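Trainee: Read in order, the letters of the sequence shown are residues 606 to 937 in the numbering used here.
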Amino acid sequence: MDNFWQKLKPSARGGRPILALAPMAGITDSAFRQVCKGFGADVVYSEMASVAALCYNPKKTLATLTSDKKEAPYVIQLFGSDPKHFERAVKLLTDKRRFSKFKIPASPAGGKNSKLPQGLDINFGCPVKKVAKQGAGAVLMDSPERAREIVKAVLDSTDLPVSIKIRSKVGATTALKFLDGLSALPLAAVMIHGRPMSAGHSGPVDWQMIKEARNHFGGVILANGGAVDRQSALDLLRKTGADGLGIARGALGKPWLFQQILNFKFKILNREEVFKIALKHAKLTEKLKGGAGIIEMRKHLCWYVSGLPGATELRRRLVAVNDLAEIKKILK
Ligand SMILES: Cc1cc2nc3c(=O)[nH]c(=O)nc-3n(C[C@H](O)[C@H](O)[C@H](O)COP(=O)(O)O)c2cc1C
C-alpha cells in the first residue's frame, strides 16, 4: 500500500505542514482541485459522494469523481450509512478492472480525466439535514458501533490509505471519544473540523480538542476550521500542533492561499493577476464540464472579484455569464 500521507508528514519534509483542500460539495470539482494543486495544495479532496449512488447509479456517479493525474494525491470522500454500500462502492473505486468496465468518458473535450484516487475518506462531519436524515455524516459520531463497522468495511475493501473527517463534538461524543472507539483500526489520517455539529460552519474552533486528539492518535492529524489567510492558518497550526490543515472556504476565490501560507514574501495579487487565474480556472472548467461548467463557474468568478475595486458591478455581470467569451470580455 502506498501511503502518501506518511510521505507528506512534516517530519518527512523538513517540518513543512500538510496543506489539504478540504472537501466542499458543489465546489471541489476537478478544475478547482487542479487550480489549488497548482498553488501548492499537497492533497485535494473530492466533493462528498454517496456510496448508495455509487452502488445504484455507478456510471453517472463515477463520472463526477474522476481526476487528472496532476491532482495526485487525490482523495475521494464518501458518505452513507450502510457498511455494505461502503464495501461495494470502495471496491468499485479502487479495483482497476471493475472501474474500467464502466468506460467513463474522459471529459467533453476528450482530456485524460480518468484517474482512480490515491486515498479514500469517510465523512463523519456533515451536519446537513438531507444527509443526517439518512443516518450519514456527522450523526454517525453518535453511533460509534455503526461508525466502526463502516470504517472496517472500507479498510477491508481497499489497499488505499483511509482517512476520516470528523467534528470536534456531536451530541455527547467528543472527537477524542470517537477516535478511542476506532482505535486499533489502521486509519492513515483524520481531519478534525474544530466546530461541534450544532454550530454548523460558523463560530469558534475548539483548538484544545484538536490538540488532545493530536496527542492521542498515531496517524496524521489535519486541523480544519477558520483558516482564511496566512495568519489564521499559522495560528491554527500552532495552537493545535496538527500535522497540517484542511482549508475550505479560505480558498474560495483565493486558491493561491496555499502558497501564501507557506511563503511569507507572497505579495498581494493585483487585479490583472486575479483575472488571469479566474480565466484559467474558467477555461479548465469548460474543458472538463462543457457549457454546464460555465454556469457552475459563476459563483467562483464572484468569489474571485470579491474585494476588488468595482466588485459589485463585476459580480452583477458575472452571475449572468453563459460562455467563455462573455467571461473574457468582462475580465479583459
Ligand atoms: C459549501 C460547502 C460544502 C461543503 N461540503 C463538504 C463535504 O462535501 N464534505 C465534508 O466533509 N465537508 C464539507 N464542508 C465542510 C468543509 O470541508 C469544512 O469542514 C468547513 O467549511 C470548515 O472549514 P473552513 O472554516 O476552512 O471553511 C463543506 C463546507 C462548505 C462551506
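Glycine included, each C-beta is placed from N, C-alpha and C at the ideal position. No experiment lies behind these values; they were computed from the predicted model shown.
Count the other CB atoms, across all protein chains shown, that sit within 10 Å of the CB of V924; report buried if there are 16 or more and exposed otherwise.
Mentor: Exposed is the call here.
Trainee: Within 6 Å: the Cβ of P628 and any heavy atom of ligand 1?
Mentor: Yes, since a heavy atom of ligand 1 falls inside the 6 Å radius drawn around the Cβ of P628.
Trainee: How far does the beta strand (DSSP E) with M796 in it extend, from its first residue to its last?
Mentor: Per DSSP, M796 belongs to the beta strand (DSSP E) from A794 to H798.
Trainee: Does DSSP classify L613 as helix, strand or coil?
Mentor: Correct three-state label for L613: helix.
Trainee: Taking E568 as the reference, give the member of L659, V680 and K642 with the closest Cα.
Mentor: Limits of the chain in this structure are 606 at one end and 937 at the other, which puts residue 568 out of reach.
Trainee: Going by the beta-carbon positions, is the gap between A780 and A832 smaller than 7 Å?
Mentor: No; because the gap between Cβ atoms is not below 7 Å, this pair is not in contact.
Trainee: Buried or exposed, going by whether 16 or more other CB atoms sit within 10 Å of the CB of R843?
Mentor: Exposed.
Trainee: Does the separation of the CB atoms of G685 and A657 fall below 7 Å?
Mentor: Contact flag set, yes.
Trainee: For V795 and E891, what's the separation of their Cα atoms in angstroms?
Mentor: Each residue's Cα considered, the two are about 33 Å apart.
Trainee: Does the distance from the CB of G805 to the CB of L827 come in under 7 Å?
Mentor: It is not a contact, given that the beta carbons lie outside the stated cut-off.
Trainee: Would A714 be called buried (16 or more neighbouring beta carbons within 10 Å of its own) or exposed?
Mentor: Interpretation of A714 is limited by its pLDDT of 42, a score under 50 that renders its predicted location unreliable; the figure taken from the coordinates is listed afterwards. It counts as exposed.
Trainee: Taking only three categories from DSSP, how would you classify I632?
Mentor: Coil.
Trainee: Quick one: residues in its chain with C-beta nearer than 6 Å to the C-beta of A625, no 5 flanking neighbours on either side, listed in chain order?
Mentor: Excluding positions up to five away in sequence, the list reads V648, L827 and G851.
Trainee: The alpha helix (DSSP H) with I1016 in it runs from where to where?
Mentor: This structure cannot settle anything about residue 1016, because the visible part of the chain is limited to 606 through 937.
Trainee: Enumerate in chain order the residues of its own chain whose CB-to-CB distance from K608 is below 6 Å, with the five nearest sequence positions on each side excluded.
Mentor: Position check: residue 608 holds Asn in this sequence, whereas Lys was assumed. Closer than 6 Å at the Cβ level, and outside the excluded window around N608, lie P766 and A793.
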